[in-house]
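Working notes for the structure below.
Chains as they are written, first to last, in the numbering used here: chain V, 54 to 454; chain G, 54 to 454; chain P, 54 to 454; chain Y, 54 to 454.
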């Protein structure tokens, strides 16, 4: 339909790498009267979501739920375990790693930033090398973005853990899983992460407005020594109330209704099935990109993201002009290139509550958008994705038989 | 995903020829407290929907809204203008025309059924010929299904009107638009239809539960002479109350909230744009079917339906086995073959609140389903549809520029 | 708030005797995508509601669910077991009994109407006397309204059954429970009712749009001989499909979602608790009416309704003027006096999903409305109701201790 | 109904002083798909709510909307205009003023707390006296809670402003309106407030999850000098993005849908009508309390709150035991006594989207709860409230005539 149509029919294709489409079950769970957050009914809900989030982070330790969007949980992670003047080691996976680094500066920390070209995940070897140099253990924490939403590169957290251990370094490990949790396998305890940061609006399939810190005992101990001014983000305010199912200040009650539903849905599908589904859609998308003759931004398959694929535009073509045409003609939102990637890449989100046919509709939309926008490409991307997904389905069938 | 997955992720593809996907705006409009159907707030609503439906039927005459699903409005059409023992002329477009004929028998009417092979719409010439023979005007009504949902053949109502006029016959013209209204152009007054029957769950984008009779002055006059026992369906019970915005018995209040929203949405998009969108998706679907090397049930392009396409299965393959695999693997519902078409065709609905990317996702689902089910076909159907829709979008753009 | 306020704050008090306030759980259950009514997911739903309604009617025999409002189920009851020309015995409990009688005439039946003053339920003795006179068993059915919504008088169905048995008469017993089912105890099988008629928008707490026939084996046998023209209402069309969980024509899918939820909610509370709650609110209301010095329309406590209370206005005062002031000042809808009670009574609904505080708010609204409208009355009605409900609560507590 | 009933019928009475009942219109507005917060549709929404909130605060200056609950906006107010080590003057109106003071300490500020007995609002004379003593202007800010939710005392902000001016003191004025905004008249610009803090879940009728800072030019200037570490709360991050309708990090999209609806609803009713309605319900409640022979905690009518009324329990009776019985028997939540008022008071919220009949139902619930719990009191409280509201309605009527 053309851009001057008054009403656009059908359902919008929200193919940005988050917020993701919120399932009806979750929207309807949230669409209920707000209850007294100091009453017995709330208490049951509080216990349910606090316990449920542990299963999602794969941790036996406390999870904090903030009534605030994800940037807040970033700040919370830094503010609870660090003090102004502390040095931290960060890795430049892309735009969001850069924002987190800039936040650290605003909080009075001294981040050291291992540079990179925004086309890979965090390089564990580089981290290990830098930590080995830090004989006096001046670096208090290593901060890594698990899935860099601006580039579609996923860091290998288990390798980063091993790098720290190999270096014999006591730094805390802080990991941002805002765009990966509940989409890509993640293991807070097994991987020895000290603070995991996450948010509600991606793999958890909720609207934005909740964010999380999963905390190791080592992080809890570090928090006792932090001199960073804070109250809203303070774990020590939260934990005693959380133990009873309550919160020290007003929680995001209706979003918590949705969170309870989301946790149920993830377990109904099975986390491993959820991860496999994301892997499948990512592979289908990459096959489409290759068939179009376009380049995937992530240059090393080791770091491919199952959450989104960033696609490099051919020289002389503007990604945002293409995105605008795709939005106007096909009612689909794609992710923009951020800061230094502006105009040079577009991002296809393939995460959250989605399925094969929606992904194929989206890839068809990209292929038609390229055509309408006059971007040079070969046909057959959607076809390649379809062939792959049909094979997967056939395979699943034999396996099940 | 395999059929044994506990939760199926993403949004179901409901590609049956109705009920159609209900837009969120309509579901949310219905999700409001029921009001007093004898109070002033209801009265405003009643007037709004009764008037609004006239614009959808393109009539200046009364429209009746029944708090009952579509089969009821069929019965109402017959029961108001006919009397037990009356002869009526009906045309066998397919399963639904047959059901209507069977209903006529149950109501004590004597339907004469012009047979056909279920692969075309109503043949106006055959109707004219039969009416010319009926010198004594024993046939009191001609009953035609506008869009035969079981076959994907659309009758040309203006031609049927002309046939009756050419024959100089006084029979009433009764038309079923249950699956066509608000999807295919329809003109109650201009085409001289006496009773148009319709329902809520197709082009009107509502859940099932409301149905309609649009009535000509000639039909109203005929109703005065009907001796068919009835009350619930009786127009004369309805009309005096409707004039004030009320109903003689309890109306479907919450569905009426949705109907008001649906009428607004149709006009926001523009009825002509709605029709053009349906035409475009139908053509895209037919191109896919041809590319797969399969046969379209409708054998004459003059009767192609913009609402659904029935596809003939290759010999030796069961349409329902294919449909079941498609449902289990790709979470898409397709229409089954009805009675004599059982197992031999499947039907793709492309109507209601939908858009290019959803249709392409659906066609990809059919192509993958054919593959998974081992149905012989050529690849490239979804690609052919995509190429066509991309061309349309480019064309629209130039036109708009 | 005055009648010229643009937005009226807070929740409307819908104190008419139906439609009743729809609980959020039910509205939200309905606010979900419409599914394929021929698919496996629907089949589960179909079986669930068809079976569930048996538990509400207290029957082991089939229950029919029409996608139509209650008047349709009245027509269905008559049309399935009777034939044009049949004589039936009806009792004039009030406006709705009169409407049913008028419907019988429209259907070509010959109703005999035992007159009454609209201030009692059906008089079992009068029915027995008339049946004894009918030596040739010309009367084919006895039709009784269980709860007469226009008057607030409830008929004793077990006594009517006994009357028929005492007379040794083979007439069928047809009972309208549209405004009583799931509010007042009702036992289709135990009381030997042949057809029970009901609707969705009262005790079942749904919006209007579904209606019901519960059927005895004797009624099923009678249906075989009926010559009344019909299809939509025909049981024989329904029953074979229902046995598999399906329907012969498009069902009211989204209302069925709500019905499944409603049945669950009734059983979660317990039907006996539901009935006791209605009894309590009815008694509280009658105490308020007496304290105001006003007259209850129902003149014999034996027939008091637990669903609504009709209140007689003092001479020289118009009930509708009072109702309008109450609506404008206190945003509460009360029931109007129907036909011969027009202007002379108003009706307070105390049924469906309600509780003590809402009923007390409503009675306070009546008391203030009487005051604002200048209707002579004594203060203290709401106080009397409150005293009674506080006693009930204290008693419950001791009982539970 | 007793506490062991499985399902509690009817609608819960949420009579705590916030969160307040969320109107269906707002819940339904929120129950819609999340959109791309970097797209053109969001931009329109962003501009609409940012501009709309200015009308609610009565300011021409920027309003910040945080995707975080109210405690966050407290922290934001302090963190943006102050630096660690700064002295601030605060007034002990009650529990929430104390929490804010404790937060100031956590943030490294040095609050000076003017003590009080928790039974009045902020004493402007005491503030003026203290500021006059502060010759060196060491106090950088005066922090006052407009409506103290723990006590039901409302401070006179215009008087506090005057006190600061009389003292010729440059301190900033920071006001917490979390529980008063959109319930009690408030004028950010006219009263010369520098930072007004508020939240979504009280007068704005939303679920919790959004909070606000309204900012004066003087506050903006002060923010330039603040050395408090922060990013999430930082105004300078927000304002440049807000000017285009966007946010620097993920906003609470679905709550913003609700906020847009809430602003519309407030203006449809008219802010002055909203305030008058709250005043009326507060007066009705106080009349009930007095009739019961109980004491209102607020000891000076000058400070009476139109948002809630805290009621002192008779000696020897526990407020929480009474609250629990009221919840179990009548499904109504009342506010608990906080910290030093624990067990000694209960709080009746009469704010947000409510009306006369709901308030009377609630007061009836309190009166019955007192009776069931054996708390000594006189009957007639609900009656006194009802008499007052009936008078108001009659008066409105004459005025309108």
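Just so it is clear, CB atoms sit at the ideal spot from N, CA and C, and this is done for glycine as well.
Since we're looking at a predicted model, the values are computed, not measured.
Mind reading off the beta-carbon distance from residue i to residue j? Whole number of angstroms is fine, and I expect it under 8 angstroms.
{"i": "residue 401 of chain G", "j": "residue 68 of chain G", "result": "6 angstroms"}
{"i": "residue 210 of chain P", "j": "residue 199 of chain P", "result": "6 angstroms"}
{"i": "residue 232 of chain Y", "j": "residue 215 of chain Y", "result": "The pair is not a contact, with the Cβ atoms about 23 angstroms apart (cut-off 8 angstroms)."}
{"i": "residue 225 of chain P", "j": "residue 188 of chain P", "result": "Not really, about 18 angstroms apart at Cβ, beyond 8 angstroms."}
{"i": "residue 205 of chain V", "j": "residue 362 of chain V", "result": "5 angstroms"}
{"i": "residue 250 of chain V", "j": "residue 126 of chain V", "result": "5 angstroms"}
For the beta strand (DSSP E) holding residue i, just list the boundary residues, first then last.
{"i": "residue 61 of chain G", "result": "That residue, residue 61 of chain G, is in no beta strand (DSSP E); it is neither H nor E in DSSP."}
{"i": "residue 165 of chain Y", "result": "163 to 167"}
{"i": "residue 225 of chain V", "result": "225 to 229"}
{"i": "residue 75 of chain P", "result": "Neither: residue 75 of chain P is in no beta strand (DSSP E) and is coded neither H nor E."}
{"i": "residue 424 of chain P", "result": "No beta strand (DSSP E) holds residue 424 of chain P; the alpha helix (DSSP H) holding it covers 409 to 425."}
{"i": "residue 67 of chain G", "result": "66 to 68"}
{"i": "residue 118 of chain P", "result": "116 to 119"}
{"i": "residue 158 of chain P", "result": "No beta strand (DSSP E) holds residue 158 of chain P; the alpha helix (DSSP H) holding it covers 148 to 159."}
Would the C-beta of residue i count as close to the ligand ATP, meaning under 7 angstroms from any of its heavy atoms?
{"i": "residue 420 of chain G", "result": "No copy of the ligand ATP occurs in the structure displayed, which carries no ligand at all."}
Apart from the five residues just before and just after residue i, which ones in its own chain have a Cβ nearer than 6 angstroms to its Cβ?
{"i": "residue 121 of chain G", "result": "264"}
{"i": "residue 57 of chain P", "result": "Note that residue 57 of chain P scores 41 on pLDDT, short of 50, meaning its location in the model is unreliable; the coordinates nonetheless yield the value given after this. Result list for residue 57 of chain P: empty, nothing under 6 angstroms."}
{"i": "residue 129 of chain Y", "result": "266, 286"}
{"i": "residue 436 of chain G", "result": "none"}
{"i": "residue 357 of chain G", "result": "351"}
{"i": "residue 442 of chain Y", "result": "337, 409"}
Starting from residue i, trace the alpha helix (DSSP H) in both directions and tell me its first and last residue.
{"i": "residue 271 of chain Y", "result": "270 to 276"}
{"i": "residue 140 of chain V", "result": "Run containing residue 140 of chain V: none in the alpha helix (DSSP H); it sits in the beta strand (DSSP E), 140 to 144."}
{"i": "residue 316 of chain G", "result": "306 to 322"}
{"i": "residue 292 of chain Y", "result": "288 to 295"}
{"i": "residue 184 of chain Y", "result": "177 to 186"}
{"i": "residue 134 of chain V", "result": "123 to 134"}
In its own chain, which residues sit with a C-beta less than 7 angstroms from the C-beta of residue i, not counting the 5 before and 5 after it?
{"i": "residue 161 of chain G", "result": "137, 138"}
{"i": "residue 454 of chain G", "result": "The predicted model places residue 454 of chain G with a pLDDT of 32, which falls under 50 and marks its position as unreliable; any figure quoted below should be read in that light. Here the set comprises nothing."}
{"i": "residue 259 of chain G", "result": "75, 79, 253, 308, 311, 312, 315"}
{"i": "residue 414 of chain Y", "result": "66"}
Please work out which residues of its chain come closer than 8 angstroms, Cβ to Cβ, to residue i, disregarding the five sequence neighbours upstream and downstream, and give them in chain order.
{"i": "residue 397 of chain Y", "result": "365, 366, 372, 390"}
**Request:** Tell me, please, whether the region 318 to 328 of chain P touches the region 272 to 284 of chain G by the rule of three or more beta-carbon pairs shorter than 8 angstroms.
**Result:** Flag = no, the region 318 to 328 of chain P and the region 272 to 284 of chain G do not touch.
**Request:** Enumerate, from N- to C-terminal direction, the unbroken beta strand (DSSP E) stretches of 3 or more residues contained entirely within the region 350 to 389 of chain P.
**Result:** 361 to 365, 385 to 387
**Item:** Segment contact, 8 angstroms Cβ cut-off, at least three pairs: the region 95 to 115 of chain Y with the region 102 to 119 of chain P
**Value:** no
**Request:** Give a yes or no on contact between the region 372 to 384 of chain P and the region 329 to 345 of chain P, applying the rule of three or more CB pairs nearer than 8 angstroms.
**Result:** no
**Request:** Output the residue ranges of the alpha helix (DSSP H) runs that lie fully inside the region 83 to 110 of chain Y and measure 4 residues or longer, sorted by chain position.
**Result:** 93 to 110
**Asked** With a cut-off of 8 angstroms, do at least 3 Cβ pairs link the region 94 to 102 of chain G to the region 146 to 161 of chain G?
**Response** For the pair of segments examined, the region 94 to 102 of chain G was found not to touch the region 146 to 161 of chain G: the number of CB pairs separated by less than 8 angstroms stays below three.
**Prompt:** Three or more beta-carbon pairs under 8 angstroms between the region 373 to 380 of chain P and the region 388 to 398 of chain Y, yes or no?
**Reply:** no
**Request:** Mind listing, in chain order, the continuous alpha helix (DSSP H) runs of no fewer than 4 residues lying wholly within the region 195 to 271 of chain V?
**Result:** 210 to 219
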